[in-house]
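Residue numbers (this note's numbering): 44 to 362.
Here is the structure:
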């Protein structure tokens, strides 16, 4: 595929992809149960509540309790999807996730909206930028960060059939829809959006669209980037990473997350072991966020296409 062939079919928030996906999954699997911590509307659960009121549990503002309830439900064969903001899905309840879900190997799907800077005006207290790192370090935890509405919907349905704890991260703002509903979604398999020999650009979540835009700008400069959507950060598709790095000999990583402990570190770990190359990070540089409009925050914190272009040129110069 060439980047110029990628078409936008509209704009929609990825949390709506989750809301639509859990309804479809629940229609197929009667064991799916949705739990929320007073945020049913924000997590787009209205249709689920309408169709499956007996499979919806309102836990109130008691996130730690929600995780414990979810872990208990798995013992009876249920597949619980817990829902709240990413900050409350991870930082507030890390002990419960570690002990009752990860250590206990419970089949809980931790579904987290309003992740990263693009949460926007709610500010630094809600804009968690450490959650990918927190979750990927837990043994046995799968971490998925889809890029748009379609892929979030696909991921939401796919995790129903995936045995084991999952952290699914998505967002609040309206965002370009550029994948197809027919695209295959396989947990643990990277999605190549373009082929290129000059630089590998690995991205996740909202930053995949930014990477596509950066790749188009690089093409105008005669630089051919291989843009790769790492929707599954754990288990990482190491084979795809090594294959791309072996060809391009340098890379850029892009994430709406702290550069410490996120996607970039996962890519760098594989590179250091199997294919050492120069790597530049595009992400939040060891700081908290702040209140502001999503696009303004992406600009201030250096998460725009132009930042990816500059990082790619720097990585190429370091070969």
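We put the beta carbon where it would ideally sit given N, CA and C, even for glycine.
Check residue i in the structure and name its three-state DSSP category.
i, result
"residue 353", "helix"
"residue 96", "helix"
"residue 212", "strand"
"residue 193", "helix"
"residue 238", "coil"
"residue 272", "strand"
"residue 317", "helix"
"residue 176", "helix"
"residue 101", "strand"
"residue 324", "strand"
"residue 228", "coil"
"residue 246", "strand"
"residue 290", "helix"
"residue 342", "helix"
"residue 50", "coil"
Given a threshold of 16 other Cβ atoms within 10 Å of its Cβ, counted over all protein chains shown, does residue i qualify as buried or as exposed?
i, result
"residue 182", "exposed"
"residue 89", "exposed"
"residue 213", "buried"
"residue 359", "buried"
"residue 180", "exposed"
"residue 96", "exposed"
"residue 178", "buried"
"residue 63", "buried"
"residue 223", "exposed"
"residue 278", "exposed"
"residue 206", "exposed"
"residue 308", "buried"
Beta strand (DSSP E) containing residue i: first to last residue?
i, result
"residue 332", "Note, residue 332: premise wrong, no beta strand (DSSP E); not H, not E."
"residue 74", "Premise fails: residue 74 is in no beta strand (DSSP E) and is neither H nor E."
"residue 55", "54–56"
"residue 187", "185–187"
"residue 153", "152–156"
"residue 128", "122–128"
"residue 217", "217–219"
Roughly how many whole angstroms lie between the Cα atoms of residue i and residue j?
i, j, result
"residue 201", "residue 228", "8 Å"
"residue 245", "residue 251", "8 Å"
"residue 169", "residue 154", "16 Å"
"residue 110", "residue 50", "39 Å"
"residue 284", "residue 310", "7 Å"
"residue 296", "residue 290", "16 Å"
"residue 286", "residue 47", "23 Å"
"residue 60", "residue 242", "31 Å"
"residue 268", "residue 136", "39 Å"
"residue 158", "residue 130", "7 Å"
"residue 346", "residue 253", "8 Å"
"residue 209", "residue 91", "20 Å"
"residue 139", "residue 276", "22 Å"
"residue 367", "residue 194", "Any answer about residue 367 is impossible in this case: the structure gives the chain only from 44 up to 362."
Quick check on the DSSP output: the alpha helix (DSSP H) that includes residue i runs from which residue to which?
i, result
"residue 299", "It is not in any alpha helix (DSSP H) - residue 299 instead sits in the beta strand (DSSP E) that spans 294–301."
"residue 147", "Residue 147 -> no alpha helix (DSSP H), and no H or E assigned at all."
"residue 116", "106–118"
Quiz item: On the three-pair Cβ rule with 8 Å, is the region 318–325 touching the region 146–154?
Solution: Result no; under three Cβ-Cβ pairs closer than 8 Å.
Quiz item: Does the region 148–163 come within contact of the region 109–124, defined as at least 3 CB pairs closer than 8 Å?
Solution: Cβ pair count under 8 Å is three or more, so yes.
Quiz item: Using 8 Å as the threshold, is the region 261–280 in touch with the region 69–83, meaning 3 or more CB pairs across them?
Solution: Counting Cβ pairs under 8 Å, fewer than three are found: no touch.
Quiz item: Should the region 56–64 be called in touch with the region 172–187, which here means at least 3 C-beta pairs below 8 Å?
Solution: Cβ pair count under 8 Å is below three, so no.
Practice problem: Taking 8 Å as the threshold, find out whether the region 306–315 comes into contact with the region 338–351 through three or more Cβ pairs. | Solution: Contact fails: fewer than three Cβ-Cβ distances are below 8 Å.
Quiz item: Between the region 221–241 and the region 299–306, are three or more C-beta pairs nearer than 8 Å?
Solution: Result no; under three Cβ-Cβ pairs closer than 8 Å.
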